[in-house]
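Residue numbers (the working numbering), protein chains in the order written: chain A, 201 to 413; chain B, -15 to 646; chain C, 94 to 499. Cβ coordinates follow ideal geometry from the N, Cα and C atoms, glycine included. Keep in mind it's a predicted model, so treat the numbers as computed, not measured. Some notes on the structure that comes next.
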């Protein structure tokens, strides 16, 4: 082409403008989108807070004026604090797993990936326990505004943790099958990004839903 | 005009590799996917237009008994939903697909398979929603589906379920596409293609992707609440449980107002490509145009409640949202003036594309001004939910978005097909559209100001609305003729249009260096971009780095508007284009998996409609997970060894033999 | 290339069409125009609208003239040199950023002033009117006088009125174009409009539901009558009492559900407002012209006394109030139904022909796609989903009775 304005050269096949991998940028965009998703859910919870016409309520007991039945305050902060701690620790494990993959440390990459997945699963176990307890205490999805907003918000968060656990187990499986090395760093990195994000969302939920009365 | 020039007496030597059905089902080529979007969206555009026709025929006179109230309510709901989500958005997506990689100098989008997935999910969502017509239960809650009307208590039929689940499916498509295009623009620009050198359409698209990324999760949440209410008994919008219906309105319009810019910004981008080319002048104030797009998008998130003045938010909220809405007029006004500045002193060639682009500048101005009238809350209280606002948003969406999209179709058709659309039919199309659109929508201003409420299937005689409505109905038929001409022109020109070379319009941006139609690998070698208008640098002596490029003389009327392309790559007498294999370019392998994934994704929604059929819901979900595993664990391209990097700083990315998350 | 003559004529045709519509809209009778307001609220808004309109017209004219000038002046002609490559002008761009900002300031200041002026709390002596939206009719209550009526709103001239807006079901929007702005009636919320009617005219206006609310959104209309204050007071007093019903031989109504004995006005003299309303009812924009669907109907007149007997044993009483006779509150109050000009929320004139068909099969006269089928069910014998099996003569008797409830 007879022009100086447009030059052609044999660019390497996977040239990127920022030097970052495409997947990493896409996951950042995805996380941006997820922020709005959880902001909408959390806002709805806060808007409807204190507007339930019937109990059970999150922080205070409620007596049904018709039947005289008393429902205890629903949220069990010590138990959820424990599960929050487990989830926070999982972020630490995730960092260690990523670092091990970058180092090609096959032994520790597997250990930390497994630990992260285990911590995530433990958190889900806590959530399953919590949901069961709440249903027994009379709080269901269709009971009141609190039930609808609480289960939907924490349920969506739990679904995100579940996807993260499946992702981690997949990585672990690949690690066992053929080993993850530095060239896989980006794939572990995006999983870590997602995992940390899910953790941060939980910190917001724990603070706004559980701690603030 | 164009048709006076005889078609070239030779057969074309190069055609896009046109495979059969399987080729289209498995393609991951952004250009083919772009065309799939284009033709599918045009199909839905005609469906939506037909719905509009039934509406206009019912309203041609007072107390007409042509269709029932319930059918009418379904028609206006589906007309709005179809035009927004199934016509204008995917028409924009067609251009995102086709143009972004070409404009930034890339081989494809960042995630070609995800791109195919987006299209198939869009198609599934459109079919899902419109399937409701076949069972006689089309959505009837209005396109913004206000609760509590759309809750199970008031509309218990499956109508609203089709609507909300259809929108959920379409939302997945839009979000997947938005992540893809945002990544593509951020990360796949050719060397030298700095942000401030990007073609303005790519800029408009770029900002639109951010609007999609940030706005769609909000509607997803709002729809999820409605879905849970309708299917699982939650209370988000249940009045008896103390719910506040304004929750829906706030969430909906937090999405809905950015959505307006999602619909209009790509059209602005297209027009900003067309005007400079046919003025033979650069876009006036490129940086300001970019900043104004960003500002419009940014402010667009802070004005949602101007759709809600009539709900009574109190004087302070009214004032804040009114004034911030007015602020948007400033960057929008700047765009209009900069377009005029682009035309000023130019050498304007009125091709059909140019007519539509100039049409947008004029008609969108009307829509913008009536928008300002709505931004003043007290005035809005008389205008809102009347025909005045119907008029307003049709000037924005038809006079704006559709005019811009038509400009884009005429402008880029030769790049897509290697052939021109007929200019004489195009001019008929433009003038009939221009006249028909004003006949249809301008009288609605008066109908609204004289008290006609929107979404009414009938109106009484002697209310002073007869002339306006009859005029609007006549206008509709003028538009119908115009659109028929467009369709004929579009389909006919695919095989009958005049063959053209790389750059029929004398355009400045790098997509016009490519052969028309573009080979599957786009660029033989990725270009290095050194300016905003590389193709003009060699023509305009003031800027040319290679002086002495010949001025093109015009000889025939046709050439008056269409430059003889300097390069006839692929035309007879030229060597045929090399194939990707000959060039050693590795292209993504075609795959059916995106289509399968889209199908699997739709199954749970179908299951939900079929009385919460667990087999479909769980089976579909499991099938989706399986397809995704199969997809993600298959490399995007056949095994190969990347060529050694040339030039400093270019870092080859790892090729993962086991999986690539693309 | 010279301007194409066809283009000019097409543009001219478009302009002419636009202008003729404009003239038509200005010259003909526009009974629901927002541009001829008859309240302080309406005028405040109209004044603001004028600023917006003329500002908009000026801006559009400038842009359009600029665009047309550019389009004709800079058209490509053969042999033209390449145009000068201008990339922008900071001065110009700053200018046309500032000009719209300035124009907007001219709009924003009166806007904010009007917002606060029109949302003042009502004075204590304002006439209270409660508006309750139903799918698809309007309930109007005058709590200061204990009056409940439907679909026809009486307002005194020259009086501040405080509307309290609520809904019984979905969201509706209360809109009387000539009397001022619209406001939504929102589930679980209460909204307000405060306006002062003009001292004249004594007139009938149309009101509409402006927020889509389901099947018969278009059929959710109402009438508003502004009458002189003394006529209004008479009307109010009359409405507060039981219906005037003076059919011969009519026994005093017996009501087992009510604790207080019903007060039956025996004086057949009707308030002055009724005479005004009779005049209003003949106005073209007030008298509905909805075509009546074909429906065989064998009777031509009914007996009000027989109708009264029938009514007290009919299913009607479950949903409708007739003061002293029936307590139902699901449907519109029928206490003074005979004094209204329209039925079906402004859909049909209130006369024997229309009311009888309405009672026989209301579903055929108005789209009422209620989810639980709680719309006005057919009463005619043999009709699907009929709630009663009345023959046409019985329906005629019921009609005569209801029409007599002035």
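Item checked: Positions along the stretch 235 to 247 of chain A whose CB lies within less than 7 Å of some CB in chain B -> 236, 237, 240, 241, 244 and 247
Notebook entry, point to check: Is there at least one Cβ from chain B nearer than 8 Å to residue 299 of chain A's Cβ?
Noted result: Here residue 299 of chain A refers to the residue found at position 99 of the first chain. Interface residue (Cβ-Cβ distance to chain B less than 8 Å): residue 299 of chain A is not classified as such.
Checklist line | CA nearest to the CA of residue 306 of chain C, picked from B/569, B/498 and B/440 | finding: For the purposes of this step, residue 306 of chain C is identified with residue 213 of the third chain, where counting begins at 1. Closest option to residue 306 of chain C, Cα to Cα, is B/440.
Notebook entry, point to check: Just curious, the alpha helix (DSSP H) that residue 474 of chain B is in, first and last residue?
Noted result: In the second chain, the residue the question calls residue 474 of chain B occupies position 490. Looking at the DSSP string, the run of the alpha helix (DSSP H) that includes residue 474 of chain B is 450 to 480.
Notebook entry, point to check: Looking at the structure shown, is residue 160 of chain B part of a helix, part of a strand, or coil, going by DSSP?
Noted result: Working through the second chain from its first residue, we reach residue 160 of chain B at position 176. Here residue 160 of chain B sits in helix by DSSP.
Check: Taking all protein chains shown into account, do 16 or more other C-beta atoms lie within 10 angstroms of the C-beta of residue 608 of chain B, making it buried, or fewer, making it exposed?
Finding: Taking the first residue of the second chain as 1, we reach residue 608 of chain B at position 624. Classification for residue 608 of chain B: buried.
Margin query: Suppose you measure from the CA of residue 348 of chain C to the CA of residue 497 of chain C; what does that come to, to the nearest Å?
Written below: Looking up residue 348 of chain C in the third chain gives position 255. Looking up residue 497 of chain C in the third chain gives position 404. For residue 348 of chain C, the predicted model reports a pLDDT of 42, less than 50, meaning its position is unreliable and no value from the coordinates is stated.
Checklist line | Contacts around residue 227 of chain B, its chain only, beta-carbon distance under 7 Å, and the 5 residues preceding and following it disregarded | finding: For this step, residue 227 of chain B is matched to residue 243 along the second chain. Only 219, 220 and 221 meet the Cβ criterion.
Checklist line | Residue of A/316, A/404, A/237 and A/323 minimising C-alpha distance to residue 372 of chain A | finding: Reading the first chain from its first residue, position 172 is the one you call residue 372 of chain A. For the residues A/316, A/404, A/237 and A/323, the minimum Cα distance to residue 372 of chain A belongs to A/316.
Next item on the list: Enumerate in chain order the residues of its own chain whose CB-to-CB distance from residue 439 of chain C is below 7 Å, with the five nearest sequence positions on each side excluded.
Entry: What you label residue 439 of chain C is simply residue 346 of the third chain in a count that begins at 1. For residue 439 of chain C, where only same-chain residues beyond five positions count, the Cβ hits under 7 Å are 244, 314, 315, 316 and 381.
Margin query: Suppose the cutoff is 6 Å on Cβ atoms and the five residues either side in sequence are ignored; what does the same chain contact list for residue 125 of chain C look like?
Written below: As a working mapping, residue 125 of chain C is identified with position 32 in the third chain. The residues are 270 and 299.
Next item on the list: Check residue 289 of chain C in the structure and name its three-state DSSP category.
Entry: Stepping through the third chain from its first residue, residue 289 of chain C is reached at position 196. If DSSP states are grouped into helix, strand and coil, residue 289 of chain C belongs with the strands.
Note to self: Using a 10 Å radius around the Cβ and a threshold of 16 neighbouring Cβ atoms, would you call residue 202 of chain C buried or exposed?
What the structure shows: Here residue 202 of chain C corresponds to residue number 109 of the third chain, with the count starting at 1. Exposed: under 16 other Cβ atoms inside 10 Å.
Notebook entry, point to check: Should residue 320 of chain A go down as buried or exposed, given a rule of 16 or more other Cβ atoms within 10 Å for buried?
Noted result: Here residue 320 of chain A is taken as the residue at index 120 of the first chain, counted from 1. Buried.
Margin query: I want to see whether chain A comes within less than 8 Å of residue 219 of chain B, judged by CB atoms only; does it?
Written below: By 1-based counting over the second chain, the position of residue 219 of chain B is 235. For residue 219 of chain B, the answer is yes, since a Cβ of chain A falls inside 8 Å of its Cβ.
Next item on the list: Have a look at B/100, B/211 and B/204 and flag the residue whose alpha-carbon is nearest the alpha-carbon of residue 146 of chain B.
Entry: Your numbering for residue 146 of chain B matches position 162 in the second chain. Checking every option, the nearest Cα to that of residue 146 of chain B belongs to B/211.
Next item on the list: Find the nearest neighbour of residue 323 of chain A within the set A/394, A/378, A/337 and A/279, judged by alpha-carbon distance.
Entry: Numbered from 1 along the first chain, position 123 holds the residue referred to as residue 323 of chain A. Per the Cα distances, A/279.
Check: If we call anything under 8 Å between Cβ atoms a contact, is residue 275 of chain C one with residue 133 of chain B?
Finding: Stepping through the third chain from its first residue, residue 275 of chain C is reached at position 182. Stepping through the second chain from its first residue, residue 133 of chain B is reached at position 149. In this structure, residue 133 of chain B does not lie closer than 8 Å to residue 275 of chain C by Cβ.
Next item on the list: For residue 160 of chain C, decide whether its Cβ has a neighbour in chain B, counting only Cβ atoms nearer than 8 Å.
Entry: One-based indexing of the third chain puts residue 160 of chain C at position 67. Yes, its Cβ sits closer than 8 Å to a Cβ of chain B.
Checklist line | Residue closest to residue 364 of chain A, alpha-carbon to alpha-carbon, out of A/337, A/352, A/349 and A/392 | finding: As a working mapping, residue 364 of chain A is identified with position 164 in the first chain. When only C-alpha atoms are compared, the closest one is A/392.
Note to self: Here's a check: name, in chain order, each residue in its chain whose Cβ is nearer than 8 Å to the Cβ of residue 30 of chain B, leaving out the five neighbours to either side.
What the structure shows: The count along the second chain starts at 1 and reaches residue 30 of chain B at position 46. The residues are 467 and 471.
Next item on the list: Report yes or no: do the stretch 485 to 503 of chain B and the stretch 393 to 413 of chain B share at least 3 C-beta pairs separated by less than 8 Å?
Entry: Yes, since at least three Cβ pairs between the stretch 485 to 503 of chain B and the stretch 393 to 413 of chain B fall closer than 8 Å, the two stretches touch.
Check: Nearest chain B C-beta to residue 397 of chain C closer than 8 Å, yes or no?
Finding: As a working mapping, residue 397 of chain C is identified with position 304 in the third chain. Output row for residue 397 of chain C: interface = no.
Item checked: Anticipated Cβ contact below 8 Å, residue 471 of chain C with residue 416 of chain C, distance rounded -> Position 378 of the third chain, counting from 1, holds the residue named residue 471 of chain C. Position 323 of the third chain, counting from 1, holds the residue named residue 416 of chain C. That belief does not hold up - the Cβ atoms of residue 471 of chain C and residue 416 of chain C are roughly 26 Å apart, past 8 Å.
Notebook entry, point to check: For residue 616 of chain B, which option in B/589, B/602 and B/578 has the closest C-alpha, if you only look at C-alpha atoms?
Noted result: Residue numbering aside, residue 616 of chain B sits at position 632 when the second chain is read from its first letter. Per the Cα distances, B/578.
Item checked: Whether residue 369 of chain B touches residue 266 of chain C by CB criterion (8 Å) -> Within the second chain, numbered from 1, the residue matching residue 369 of chain B stands at position 385. Within the third chain, numbered from 1, the residue matching residue 266 of chain C stands at position 173. Yes, they are a contact pair.
Next item on the list: Determine the direct distance from the alpha carbon of residue 122 of chain C to that of residue 426 of chain B, and round the result to whole angstroms.
Entry: The residue labelled residue 426 of chain B in the question sits at position 442 within the second chain. The residue labelled residue 122 of chain C in the question sits at position 29 within the third chain. Distance between the alpha carbons of residue 426 of chain B and residue 122 of chain C is about 19 Å.
Checklist line | residue 527 of chain B versus residue 179 of chain C - alpha carbon distance | finding: Within the second chain, numbered from 1, the residue matching residue 527 of chain B stands at position 543. Within the third chain, numbered from 1, the residue matching residue 179 of chain C stands at position 86. Unreliable positioning characterises residue 527 of chain B in this predicted model, as indicated by a pLDDT of 43, which lies under 50. The coordinate reading is nonetheless provided below. Rounded to the nearest whole angstrom, the CA to CA distance from residue 527 of chain B to residue 179 of chain C is 12 Å.
Next item on the list: Look at the Cβ atom of residue 347 of chain B, then the Cβ atom of residue 384 of chain B, and state whether they are nearer than 8 Å.
Entry: Position 363 of the second chain, counted from the start, is the residue given in the question as residue 347 of chain B. Position 400 of the second chain, counted from the start, is the residue given in the question as residue 384 of chain B. For residue 347 of chain B and residue 384 of chain B, yes; Cβs fall inside 8 Å.
Checklist line | Contact set for residue 495 of chain B: own chain, Cβ-Cβ below 6 Å, skip 5 residues either direction | finding: As a first step, residue 495 of chain B must be located in the second chain, where it is residue number 511. Taken in chain order, the residues that qualify are 86 and 87.
Margin query: List, in chain order, every chain B residue whose beta-carbon is nearer than 7 Å to that of residue 460 of chain C.
Written below: For the purposes of this step, residue 460 of chain C is taken as the residue at position 367 of the third chain. Those within 7 Å of residue 460 of chain C in chain B are 52, 53 and 54.
Notebook entry, point to check: When DSSP labels each residue in this structure, what does residue 400 of chain A get in the three-state scheme?
Noted result: Reading the first chain from its first residue, position 200 is the one you call residue 400 of chain A. Of the three classes helix, strand and coil, the one that applies to residue 400 of chain A here is helix, per DSSP.
Notebook entry, point to check: Quick check: the stretch 288 to 297 of chain C against the stretch 404 to 422 of chain B, are there 3 or more CB pairs under 8 Å?
Noted result: no
Notebook entry, point to check: Would you report the Cα separation of residue 32 of chain B and residue 66 of chain B, rounded to the nearest angstrom?
Noted result: The residue labelled residue 32 of chain B in the question sits at position 48 within the second chain. The residue labelled residue 66 of chain B in the question sits at position 82 within the second chain. Looking at the two C-alpha atoms, the distance is approximately 6 Å.
Item checked: the stretch 31 to 46 of chain B / the stretch 442 to 456 of chain B touching (three or more Cβ pairs under 8 Å) -> yes
Next item on the list: Take residue 460 of chain C and list the residues in its own chain whose beta-carbon comes closer than 8 Å to its own, dropping the five residues that flank it on each side.
Entry: Taking the first residue of the third chain as position 1, residue 460 of chain C is located at position 367. Correct list, in chain order: 308, 309 and 312.
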